[in-house]
Each structure stands twice: as C-alpha cells, then as structure tokens.
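Enquirer:
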Ligand SMILES: N[C@@H](CCC[C@H](N)C(=O)O)C(=O)O
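Numbering (the numbering used here), first residue to last: 5 to 280.
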C-alpha cells in the first residue's frame, strides 16, 4: 500500500501530514525523526497523522469515534497534547480533501476537541480553549535569566516579556525549572510593539527554535496582556514566519492565521521500511 504524504505549514511552522484514516501505519518515533530530518527525510517541525479517533488506541475519552484526530508528534518523536499551527493546517487539509461537511468542524487532539473554521480566504480560526495561568517561573538563555508566566493551553508554555527578542541566541536548549515543568516546556520570548501587538520567538519542546508556534502565540498574548494587568484582549502576534491574531476572552481563546500546502506525494517504501 502506498504511503501518501502532504507537506504544509502555518506561518512556516512546517509539518508532514500522513493520511491514515484506519490507523494502519506503524508510526514509530524513529520514523517521525527520519521524516522530520531536513537532511535524510522530508524535513519538518512535526508530523500530523490524519486518523479517525476510533482508530487511535490512546485517544482521549469523550471524542466521538468518527471525528478526525490530529495525532501530533514533535520532530524528536515525542507526543504533544496540542499544536495550534498544526490544527490550522490539519483543518485545511480536511476541508480541501472533502473529508468534512462545511467550513466549521471539530478536530480531535490529545488536549480535547478544538473546533476549527476554514474561511473563504484560506485563513483558519481555531477555538484554542481556556488559557490557564500556572504561575511565575524563569528560563536562562546564554547566561541571562528571563522571568515569565506559565501558561497551559493544553500543552505547557513559559512566556517571557523582554526587549531583546531579535538578538536572542536560541540555538541551544534554554534552562528551565524541571520541578515546575517536569514534562518539558515551550519557551516564548515576547516583545511588546504596542498595547495589542507583539513580536515573538519560540524554543519549542521536542523541536528547538521554530519559525512559529500557534499555542505559543496564545501564551505570548496572555503574557503581554498580563504585563498590562489585563486578562482579555485581541493581540496581533508577529513571528519569524508570519503573523497571527489571538483573541483571549474570560472563558477561552481563538487563534486565526494562514495554512498553506507546498507538496504531496508518496514515501519510498524501502526508505520507510528502513526507518525502524
Ligand atoms: N508548534 C506547535 C506546538 C507543538 C507542540 C510543542 N512543541 C509541545 O511539545 O508542546 C503549535 O503551533 O502550537
């Protein structure tokens, strides 16, 4: 059976999509790492397996079996609960391929259901759920310590407001408090450009520095608002790969931004078989 793929990105946070409705693929960590490797594979920040919830043995309870599930893996092969840019790309894939009825539909994730809306201009809005503020912590990058706000939007973040975002060296893993984040953390560095506009860079758990992180932009918006003693608002977030809009209300949040596709094809079976 041919193993099909599609390659896409959301503000240059890029993914390999693997259509696998019935869960036939043996998607090992080694295969994810190989697919994401920019030298020996297709190259990506993560893999999105497109699978029906009922075909995924470890799917969270409470999601209807017929709902399409975004089985997300980081480039290092680890699982993550959520991926905001990934949901946008995943939703556009479902819509483009006629796998859903209409422009509004739910997407299953390990963080629960995330309703998505595909707009006529190709932009996608994702209901990102509640923004949970988990307390203050800090991270250290090349000897400088940055205080930040812990944010949980299904996956863990530490968002640090600072003025040196353009010059940060994020090529190595910044230090963080493993007692506070025992499962690792995504680290956002957030520079306010105005009351409702920020620039952000991110070091993603399981990947490294990426050109965007959708859940990270929600965390960045929450931290920028908190720095102004606000808990709600609409924030424009500029990342190296583009721009998204985050709205945070008293009960939830949304993320709106682009989703693009660059290629599709078939994996070489011998290459796949060799990645064990
Ligand atoms: N790029 C993603 C987040 C992917 C998961 C993250 N690295 C984690 O381990 O939590 C996004 O767009 O949200």
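Glycine residues also receive a C-beta, built at the ideal position from the N, C-alpha and C atoms.
Everything numeric in this text was worked out from a predicted model, so none of it was measured.
(1) Taking all protein chains shown into account, do 16 or more other C-beta atoms lie within 10 angstroms of the C-beta of residue 83, making it buried, or fewer, making it exposed?
(2) Can you tell me where the alpha helix (DSSP H) with residue 220 in it begins and where it stops?
(3) Rounded to a whole number of angstroms, what is the C-alpha to C-alpha distance between residue 125 and residue 216?
(4) Check the C-beta distance from residue 130 over to residue 120 and give it rounded, since I have them as a contact under 8 Å.
(5) Which two residues bound the contiguous alpha helix (DSSP H) that contains residue 93?
(6) Is the segment 46 to 59 close to the segment 13 to 22, with three or more CB pairs under 8 Å?
(7) Could you check how far apart the C-beta atoms of residue 248 and residue 202 are, in whole angstroms? I think they sit under 8 Å.
(8) Output the distance between the C-alpha atoms of residue 272 and residue 10, rounded to the nearest integer angstrom.
(9) Take residue 265 as the anchor and find which of 6, 70, 88 and 97 has the nearest alpha-carbon.
(10) Going by CA-CA distance only, name the one from 237, 275, 267 and 276 that's closest to residue 257.
(11) Take residue 144 and list the residues in its own chain whose beta-carbon comes closer than 7 Å to its own, dropping the five residues that flank it on each side.
(12) Starting from residue 277, follow the alpha helix (DSSP H) in both directions and report where the run begins and ends.
(13) Using beta-carbon positions only, say whether residue 169 and residue 192 come within less than 7 Å of one another.
(14) Measuring only the C-alpha atoms, how far is residue 278 from residue 32?
(15) Kindly indicate the opening and closing residues of the alpha helix (DSSP H) around residue 77.
Expert: The answer reads as follows:
(1) exposed
(2) 218 to 230
(3) 21 Å
(4) 5 Å
(5) 88 to 100
(6) yes
(7) The pair is not a contact, with the Cβ atoms about 11 Å apart (cut-off 8 Å).
(8) 14 Å
(9) 97
(10) 237
(11) 178 and 179
(12) 273 to 278
(13) no
(14) 12 Å
(15) Run containing residue 77: none in the alpha helix (DSSP H); it sits in the beta strand (DSSP E), 72 to 78.
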